[in-house]
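Chemist: In mature numbering (1 follows the signal peptide of the UniProt record, and there is no 0), the protein residues as written are -21 to -1, 1 to 181.
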Amino acid sequence: MFAKLASTLLVASAFIAGTIAKPVPRELAARGFTSFNHWGGLSSFDNFDNFYGVDNFDSSVHFSQTVETTQTLVCHTQAVEIIQQRLLVLQEMAKRIITEQICEVETQTVVFEQFHASLGLFSSDLHRTSGHSVGFDSSIASHFGSICNTDGSLTTSDLGFSGTDLGAHTVVVGGSNWNDATSPASVAAASGAANVAISSLH
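(1) CA-CA distance, Pro4 and Ser14?
(2) My guess is that His122 and Gln44 are in contact by the Cβ rule of under 8 Å, so how many angstroms apart are they, rounded?
(3) Quick check on DSSP: helix, strand or coil for Leu21?
(4) Could you check which residue in Ser109, Val59, Ser141 has the C-alpha nearest to that of Ala120?
(5) Please state whether DSSP places Gly171 in a helix, a strand or coil.
(6) Measure the alpha-carbon distance for Thr129 versus Asp144 and round it to whole angstroms.
(7) Can you name the residues that DSSP bridges to Asp116?
(8) Taking the alpha-carbon positions, what's the Val152 to Asp104 distance?
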């Protein structure tokens, strides 16, 4: 699913233009960090930096991973179309949340870019180049059922966590075919083929 998201990077031009138009505070510019709190004078950006931190836009800088050892999961291969279906559901739900619960297009754009960049970090996990275990945060994932009310409408309650909590309850799924000797090359080849497929369309 998220390969399809590459095409949506075109919306980043609006964000870039806005960043150029709005000077970064001097104390932040010197360190290379951009604060989005009340960015552009928009109240929908209030407290934006509180989630990951002003110096941690995509969650990559301040990330502490603790692997849970109390539960064991093993992968079971399903038909790839089944996986694609479910990932497409997540993709469209992300679009729904962004467009239904944010009215300012500037905030929609920055929130999407943050989401896209943070999710993109999983690629280096899959390549085993990030130094992180390949897994998911079970505590955060457990809130999946809290996104919608029983009538299908989106919830608005605080789920009780922030971006800095990411990784604190990591579950590593076993059973993959990863081989330290051969998988780095085969995964790189698979990634390269996917990138060629993307670039050939745009």
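All C-beta atoms, glycine included, are put in the ideal place defined by N, C-alpha and C. Note that this is a predicted model, so its numbers are computed, not measured.
Modeler: Short version:
(1) Because the pLDDT of Pro4 is 48, which lies under 50, any placement of that residue in the model is unreliable, and the number read from its coordinates should be weighed accordingly. Straight-line Cα distance between these residues: approximately 8 Å.
(2) Contact doesn't hold; Cβ gap of about 19 Å is too wide.
(3) coil
(4) Ser141
(5) helix
(6) 27 Å
(7) Paired residues: Thr149.
(8) Their Cα atoms are separated by approximately 13 Å.
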